[in-house]
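K.L.:
Residue numbers (UniProt numbering): 1 to 142.
We put the CB at the ideal spot given by N, CA and C, even for glycine.
#1: Between 50, 87, 40 and 43, which has its C-alpha nearest residue 120's C-alpha?
#2: Please list the terminal residues of the continuous alpha helix (DSSP H) segment that includes residue 58.
#3: What first and last residue would you give for the alpha helix (DSSP H) that runs through residue 158?
#4: Would you report the Cα separation of residue 78 and residue 108, rounded to the nearest angstrom?
#5: Can you have a look at residue 101 and say buried or exposed, based on whether 16 or more other CB atoms are within 10 angstroms of its CB?
#6: Write down every uninterrupted run of the alpha helix (DSSP H) in the UniProt repeat "ANK" (76-99) whose length is 4 residues or greater and which is fully enclosed by it, in chain order.
#7: For residue 45, which residues in the same chain have their Cβ closer than 7 angstroms to its Cβ, ignoring the five residues on either side in sequence?
#8: Is residue 111 buried or exposed, if buried means 16 or more other CB atoms sit within 10 Å of its CB?
#9: Taking the alpha carbon of residue 99 as the point to measure from, which residue in 63, 50 and 128 has its own alpha carbon closest?
#10: Please state the DSSP three-state secondary structure of residue 132.
#11: Along the alpha helix (DSSP H) that carries residue 114, what are the first and last residues, could you check?
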């Protein structure tokens with residue numbers, strides 16, 4: 001998704017096309033979720049991956065609210081969090097890390113965790129966000 005505006009407009013049109021009191025609304029929500037989790041043919045990236053790569057926080061938030069899965073991996077095993085960290089998009093990282101289901105310990109095919117990727121890129125702000133999430137998760141397990 002090149003820009004969040006086009007995605008937002010498409011979702012708005014879909015939602016307006018069906019009545020919320022209709023069984024078709026549920027089908028429309030399923031279609032939206034399926035479209036948001038579709039992978040492209042080349043790199044296995046979802047719209048959430050592409051929004052994370054471009055740093056489009058508005059699109060990331062919209063996609064997450066409408067069923068995009070934050071742990072889907074692309075052809076290199078990278079999640080949208082890996083991609084946002086690589087490109088230093090701290091606002092996108094923050095949005096992804098706010099989701100309980102976002103796995104901060106997952107590795108890509110090169111066995112790089114999100115925290116390793118942030119450190120590798122020298123991105124202190126993003127690294128701190130990941131480490132804080134890891135501390136919170138550890139506190140819950142105790």
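P.N.:
On the basis of the data shown:
#1: 87
#2: 57-65
#3: Past the boundaries of the shown model lies residue 158; the chain is included only from 1 to 142, so the question cannot be answered.
#4: 5 angstroms
#5: exposed
#6: 80-86 and 90-97
#7: 39 and 74
#8: exposed
#9: 63
#10: helix
#11: 114-120
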